[in-house]
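To keep things clear, I will list the structure first and then write my remarks on it.
Residue numbers (full-length UniProt numbering): 1 to 81.
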């Protein structure tokens with residue numbers, strides 16, 4: 001899902017080596033180990049996700065909101081937030 005969702009950003013910056021496109025599964029697992037992750041499913045398919053975490057001073061942050069391209073524009077991202 002992450003790979004699909006960041007294609008537009010890669011195209012915009014003409015850089016297909018951005019982290020979301022080259023990140024390994026092992027690296028992704030380590031990155032989200034301490035995060036709160038919400039997912040949206042359509043049947044068995046994960047079609048959206050968002051991560052939440054806190055920085056060292058305790059401020060809550062949102063990271064990598066992803067919605068499958070075929071479902072964008074229908075409010076799924078807003079519902080995940």
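Backbone N, C-alpha and C define an ideal beta-carbon position, used for all residues, glycine too. Keep in mind that this is a model prediction, so the values were computed, not measured.
Secondary structure of residue i, DSSP reduced to three states
i          : result
residue 17 : coil
Burial state of residue i (16 or more Cβ within 10 Å)
i          : result
residue 40 : buried
residue 48 : buried
residue 67 : buried
Close-in-space but distant-in-sequence residues of the same chain around residue i (CB under 7 Å, 5 per side omitted)
i          : result
residue 28 : none
residue 16 : 10
Residue from the options whose Cα sits closest to the Cα of residue i
i          : options       : result
residue 77 : 59, 55 and 51 : 51
residue 45 : 32, 19 and 70 : 70
residue 60 : 81, 43 and 42 : 81
Sequence-distant residues of its chain with Cβ nearer than 6 Å to residue i (five each side left out)
i          : result
residue 18 : 10
residue 53 : 35 and 61
residue 30 : none
residue 38 : 50 and 80
- request: Kindly provide the ranges of any beta strand (DSSP E) runs that are 3 or more residues long and lie completely inside the UniProt domain "N-acetyltransferase" (1-81), ordered along the chain.
  value: 36-42, 45-54 and 60-67
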